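So the sequence shown is residues 206 to 1187, counted in the working numbering.
Backbone N, C-alpha and C define an ideal beta-carbon position, used for all residues, glycine too.
Here the structure is a predicted model, which means the values were calculated and not measured.
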Amino acid sequence: MPNISPPKPSTSSFTAHGLMEKVLAVFAYYLIPIGIGLFSVVALAFWHNQYSVSEPATLPLRVLVQQEAEPAPPTLAAVLAGLQGRPAVSRYDTHLSERPVWFGFSPMAASVDRDVIEFPSRHSQSIRCWDATSQALLGEATRDHSTGALDAVKAGFALRLARLPAQVVCVADFAGPARLSVEQWAADEFELSIEQYHRKSGLLDGGMIVLALFVLLTAFINRQRLYVLFAGWLILNLRVGALSAGWDIQWLGQSLPADWLLLSRTVTITLYGIATLTLYQYLLRESLDDLRYSAPMRIMQWLCVPMLVAAIVVPFRVFLPMLWVICTCCLSLMTVGLFKIMVESRNRVASWFAASFALTFLASLAEIVAAALGVREVVGVINSVTAALASSLLAALAVAEQMRLETQKRVAAQAELEHAYEAMPVGLFTLDLHGAFLSANPALCRMLACETPVSSRTLWQQFFDEGTWFGLREQVHQQTNVEMEIASREGERRFLVRATLAHGRIEGVLEDITEKTKATEQLKFMANNDPLTRVFNRRGIEKAFENAAVSLAAGKPLAVAYIDLDRFKLINDLFGHAAGDEVLKQVCERMAMMLAGGQQIGRVGGDEFVIVMPDTAIPLASLICRGIVERIGGTPYRVGDKAFHVRGSVGLIEVSNGMPMKDAISTADRACREAKEASDGLVVYERNARAFHEREAELNLVAKLQGPLATEGLFIEMQPIMSLKSPHESLNFEVLLRMRGADGKVMPAGPLIGAAEKCGRAGVIDRWVLATTLGWIAENAGRLPNTRFVCMNLSGASLNDERFVQDTLEVLARHVHVASRLCMEITESVALHDLDNTRRFIDQVRNFGVKVALDDFGAGYTSFSYLKELPADVLKIDGNFIVNINAHPANVAIVEAIVNLAVNLGMKTIAEWAEDAATVQTLAEIGVDYVQGWAVARSQAPEKILSAASSASFIDDAVLLEMLPSLGNAAALDLRGFMRSY
């Protein structure tokens, strides 16, 4: 059976239908609203107003205000007598007074039948009236009830009689800024005015309530707080308009209780101000911040709650002036802010709000003008109906404009989000719970290499394995935010996925981290490995040591080797770092060939390496290290067409349980330095070797120096320094530091000084020596008549310690009377290290009379060139030139040159390490001023120094004793001969 297709509509029918839709749209969107508007304008301009009433006649009245001092109300006769002398006025203002007001008036004689007298003040609370002629009570009325001919009508009261008396006297009570007036109406006109009154009230109530309900429903639908605020503001605006027109005595057709009327007015006005301020700030908050209006706005906010409390508890006549003052200030400030915003930012929200404010102000002004001129009808309409509705509509336009701006922002934000979604460099996706893609951005398609856009038929499992999908789905159900690394099906690329479960769907981000993963792995490798040689760096070898040290507790051995390449720096200097780098690579390859699987190499310096050998006994480790030495230096290293020979020195130690890494490396480094002097290039420290004990002792010294008892056990000895010009005339000496151990034995001070310099505590030792020496000299100054100077050494570290320098100056200041006997020895190398600092220190101590000696002079390379820059007093010739001076003529020549230089510079010379009489004789002949050494005496206790007459008193050598009488003369002759030859 053939397929039969349904007939297709013709093109002409489509065209006719489209044309009809356009015609209907024009009618609905344009013609109908325009027609309604024109119809309304014509009706207002030309047609008859069925509620139009003529103006009532305003009657003149005489007013008498009852005085507060009167104990009882006046009699009617007294009131009539008092009113006779009062002038007639058309109206009377109470000026917030709440005293009873008596007034009398005469109805118009030509129209007294069935006419109505109205007392229109909305602030009147009660009224009573009498016939002035017969003094008969015509009636009385309050807001709650009425009797006789008086009743509450519209905003005030009305007197209705079949025939009005010739003269009427009334008394009324008022609350607020009341204006008393009396109007005479024709009965039918008055009834029409009542209808007009209720029509206007209904129009205002109905229009505003419908608008408020519409806005409130919009607020609930859109969940916008602004609409709720605006709905409340509309209702309050309705009540304020009703108050202005005198319609606030009712709400939704129901009369308010009289007791609530005044309270409702004060609370309504206050709440209206609060709502207006809040709406104002909400709509214009950004512009107000730009104008720096935040402080005044904050002040107005803080006034809201006190004003609301005052509206409830403060009497009406007291509250109203407060309200007028505060509202005038606040409204003025808000108006100024509005116009500034309009001028500076061209804000249309501010323009609509300003128009609403302006209409409200004009309505208030119109009310005042109307009251002054007696024009009621037109101005009353503007005030009570038009002003309230129009200001509300203008405020609605401001809210609508704010809504339009917010909608534009939301649309722009949505467009920006869509653009960001499309342009985002990471993949964004949405999955259902079966793994099907619901949405994906172009970046995801590029990552997954999709030829076509991802659709709902595309599954996650097409790009990643099943396990990845099950893991992702399980985790999003268990955690709020999931982050996991996954790999593609081929395993070539790696991705980071971050996902969460939202509204039954999986929302996630996919990021290609293939390169990042490679970089991370490379960084991890670089963190523990040397980039050049690929072996461990210091951090990596420390980890290897920590892992290997765990086995020490189980009794397994551990060895550490320290390798230093000899003459390697020469390769870098002569052939460049590229050649040196290639040699280092080959060295590591050769060392690696000698190691087993668990043994690791680490590069800890330019040409220094550490090998950690876990589970390796020291004999086996020795064989391995010996093989390494042979491998390193056995064959040359070829780099291009060049060949280099490198020798390695190895220090091997056996690590004991609990030894830190730094101590192991330090000890191995010490063994390596010794290996450089060994013939086979290897030195081994087995467990409990002397080096370990020395290292332990050094660490104990460092710990002691860093504690509060750093100088405990220290004492000083003194080695005499004999004059070669007059041996028996002076008692000079050098202070030497000594240390007594816990067992009472005297220990060498060298390790203590070395440890102090390493841990930065050399200044503590030197400070103690200085204070002890000067204190001893000051205490025994009378027993040292022949002492010209006392030498003491300064550490190089102390000289560069600013705190030590300041302490030195303080100690010298305390012992200024003996400071001139002190001679501070500064090592030549230290002095030349920082010449400016050394010169500054010398100048400071010489101000106290302290002498300065350059110690170990001649051991440096630049002594003579810098000697003129240092204001020293003494040159202490390095002992290496003095020992065995007679066996080395060159040493004699050098010492003689130093002596001649010192003489020319006005300095004295001291030769140390003089060990025999022949050396002393030679030094005397050369012209040295003082000699120090075992030939004269070893170091002595301070008590022995005090018992000696001169430094020569300690000489035990018989040959030197026989030589003493001739030393002074020979030296003097030699010096005179030297001067003649010069």
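- Per DSSP, Pro925 is one residue of the beta strand (DSSP E) stretching across Leu919 to Ser928.
- Judged by beta-carbon spacing, Asn991 lies within the 8 Å limit of Ala1154, meaning their Cβ atoms are closer than that value.
- For the pair of segments examined, the region 522-533 was found to touch the region 464-480: the number of CB pairs separated by less than 8 Å reaches three.
- Rounded to whole angstroms, Gly803 and Lys1081 show a C-alpha spacing of 56 Å.
- Within the same chain, Cβ atoms closer than 7 Å to the Cβ of Asp971 are found at Leu999, Ser1000, Ser1003 and Phe1009, the five residues on either side in sequence being excluded.
- Using a Cβ-Cβ distance cut-off of 8 Å, the region 675-686 and the region 600-614 are not in contact, since fewer than three pairs of beta carbons, one from each stretch, lie closer than that value.
- Bounds of any alpha helix (DSSP H) do not take in Asp771; it lies within the beta strand (DSSP E) bounded by Leu763 to Asp771.
- Minimum Cα-Cα distance from Phe395 among the listed residues Pro325, Pro762, Leu342 and Gly987 corresponds to Pro325.
- Here Ala463 is near Asp349, since their CB atoms are less than 8 Å apart.
- Assignment of alpha helix (DSSP H) within the region 386-467, counting only whole runs of 4 or more residues, yields 392-427 and 430-450 in chain order.
- In the structure shown, Gly987 adopts helical secondary structure according to DSSP, grouped into three states.
- Contact between Glu1117 and Gly1138 is confirmed by a C-beta separation of about 6 Å, below the 8 Å threshold.
- With a threshold of 16 other beta carbon atoms within 10 Å, Thr280 falls short and is exposed.
- In this structure, Ile414 sits away from Cys375, with a CB-CB distance that is not shorter than 8 Å.
- Cβ neighbours of Phe1046 within its own chain (closer than 7 Å, five residues either side excluded): Leu1004 and Val1010.
- For Glu1148, the closest alpha carbon among the candidates Arg988, Glu751 and Glu747 is that of Arg988.
- Shown here, Cys534 sits in a helix according to DSSP, grouped into three states.
- Straight-line measurement puts the Cα of Val940 at about 8 Å from the Cα of Thr978.
- With contacts defined by Cβ atoms closer than 8 Å, Gly309 and Leu343 do not form a contacting pair.
- In this structure, Trp665 is the residue among Glu747, Trp665 and Met796 with its C-alpha nearest to the C-alpha of Glu712.
- With contacts defined by Cβ atoms closer than 8 Å, Val1088 and Ala1058 do not form a contacting pair.
- For the set Val995, Leu942, Leu737 and Glu984, the Cα lying nearest the Cα of Val974 is the one of Leu942.
- Taking the Cα positions, Tyr1135 is about 5 Å away from Leu929.
- Under the criterion of beta carbons closer than 8 Å, Leu828 and Ala764 do not qualify as touching, at roughly 11 Å.
- When DSSP assignments are scanned along the region 706-777, the uninterrupted stretches of alpha helix (DSSP H) that are 4 or more residues long and fall wholly within it turn out to be 719-733 and 743-754.
- Our two residues, Val844 and Glu787, have alpha carbons roughly 7 Å apart in a direct line.
- Annotated as distal: Tyr485 and Leu431, with beta-carbon spacing of 8 Å or more.
- The C-beta distance from Ala1140 to Val1125 rounds to 5 Å, short enough to fall under 8 Å.
- DSSP places Gln330 in the uninterrupted beta strand (DSSP E) bounded by Ser329 to Asp336.
- At the C-beta level, Val851 and Gly886 stay beyond 8 Å of one another.
- Fewer than three beta-carbon pairs drawn from the region 426-443 and the region 291-305 are found closer than 8 Å, and the two stretches are therefore not classed as touching.
- With respect to the C-alpha of Gly1054, the residue from Leu1027, Asn1042, Pro1076 and Leu224 having the closest C-alpha is Leu1027.
- According to the DSSP assignment, Ala692 belongs to the beta strand (DSSP E) that extends over Val687 to Ala692.
- Leu1027 is bridged by DSSP to Val995.
- Here Ile823 is near Pro762, since their CB atoms are less than 8 Å apart.
- Relative to Lys950, the option among Ala645, Ser931, Ile691 and Leu919 whose CA is nearest is Leu919.
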